[in-house]
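Beneath this line is the structure, given in structure tokens, with notes to follow.
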Amino acid sequence: MIPRRANRGLLAGPEARILDFLVTRLPGWVKPDQLTGLGIFGAVLGSVGFALALTSWLSLGLVFAGFTLNWLGDSLDGRLARHRRIERKVQGFILDNGVDLIAYLLLALGFAVSGLVSLPVPFLLLSLYMLLSNLALARLIITGVHDLAIDSIGTTELRVAFLVLAVLLFLLPDLFRAIIPLLELSVLDFLSLFWASVMMLNFVLVLRRDIRLARQADEG
Numbered sequence: 005m006i007p008r009r010a011n012r013g014l015l016a017g018p019e020a021r022i023l024d025f026l027v028t029r030l031p032g033w034v035k036p037d038q039l040t041g042l043g044i045f046g047a048v049l050g051s052v053g054f055a056l057a058l059t060s061w062l063s064l065g066l067v068f069a070g071f072t073l074n075w076l077g078d079s080l081d082g083r084l085a086r087h088r089r090i091e092r093k094v095q096g097f098i099l100d101n102g103v104d105l106i107a108y109l110l111l112a113l114g115f116a117v118s119g120l121v122s123l124p125v126p127f128l129l130l131s132l133y134m135l136l137s138n139l140a141l142a143r144l145i146i147t148g149v150h151d152l153a154i155d156s157i158g159t160t161e162l163r164v165a166f167l168v169l170a171v172l173l174f175l176l177p178d179l180f181r182a183i184i185p186l187l188e189l190s191v192l193d194f195l196s197l198f199w200a201s202v203m204m205l206n207f208v209l210v211l212r213r214d215i216r217l218a219r220q221a222d223e224g
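Heads up: take any position in the sequence shown, counting from 1, add 4, and you land on this note's numbering.
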């Protein structure tokens, strides 16, 4: 079964209009697989930018260039294939999810080696995001719909959030590196752990909802 795609992200509407504009104007020599490669290349650039700890305009520029290229490649590859009617539905679905996992891991690695946060924090956040993503994949068995966003937050919204964070870290490094008294945590570590707590709570709530849907499907 190839699921239908649904994107309820906050930026889904304007993003779709931009992508529809771009996909009809790509030259014929641009292929979906090339765009997939571009997305991975962008993830590498973004990861390197964060790994450099955002201490220069170069590192900040790498983050912006990387996330932009990652968005273009990740968002346009499947869209272009569908537009040209050369879509490989099964292979494309597996490839798209696999490439996304690689991009997430690269970003976590970039943060981990940057020294901006404590070493375990990026991987904790990645693990929690994977929990929520796996619930979305499990849900499609019941609904036949692949949710591209967790509630109203999808990969595009996360990219924008990371770009905003990169600017703040570049402009206000001392603020985010400051140690909070008593907690012995940097401000960025504290904010990251707070976000992890929100994600964990969201996971519990979504899991309860999905179990209820599954029970209804069994009883129906």
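Every residue gets a Cβ at the ideal spot worked out from N, C-alpha and C, and that includes glycine.
Predicted, not measured: the structure shown is a model, and the values here were computed from it.
Query: Straight-line gap, V52 to G43 (C-alpha atoms, nearest Å); Result: 14 angstroms
Query: Endpoints, the beta strand (DSSP E) within which V27 is located; Result: Taken as a continuous stretch (DSSP letters only), V27 belongs to no beta strand (DSSP E), being part of the alpha helix (DSSP H) at 16–27.
Query: Residue from I22, E223, L209, P36 with nearest C-alpha to I154; Result: L209
Query: Straight-line Cα distance separating E188 from G119; Result: 16 angstroms
Query: 8 angstroms Cβ cutoff met for V121 and S60; Result: no
Query: Enclosing alpha helix (DSSP H) for R181 [first to last residue]; Result: 177–181
Query: Coil, strand or helix - L152 by DSSP; Result: coil
Query: For L169: DSSP bridge partner residues; Result: None, per the DSSP bridge assignment.
Query: For A140, the first and last residue of its enclosing alpha helix (DSSP H); Result: 124–147
Query: G114 versus F71 - alpha carbon distance; Result: 13 angstroms
Query: Burial state of S190 (16 or more Cβ within 10 Å); Result: buried
Query: One or two residues paired with L189 in a DSSP bridge; Result: I184
Query: Sequence-distant residues of its chain with Cβ nearer than 6 angstroms to A69 (five each side left out); Result: L49
Query: Alpha-carbon spacing of S156 relative to R88, whole angstroms; Result: 29 angstroms
Query: Proximity to N138 [Cα-Cα], best of D222, A182, H150; Result: H150
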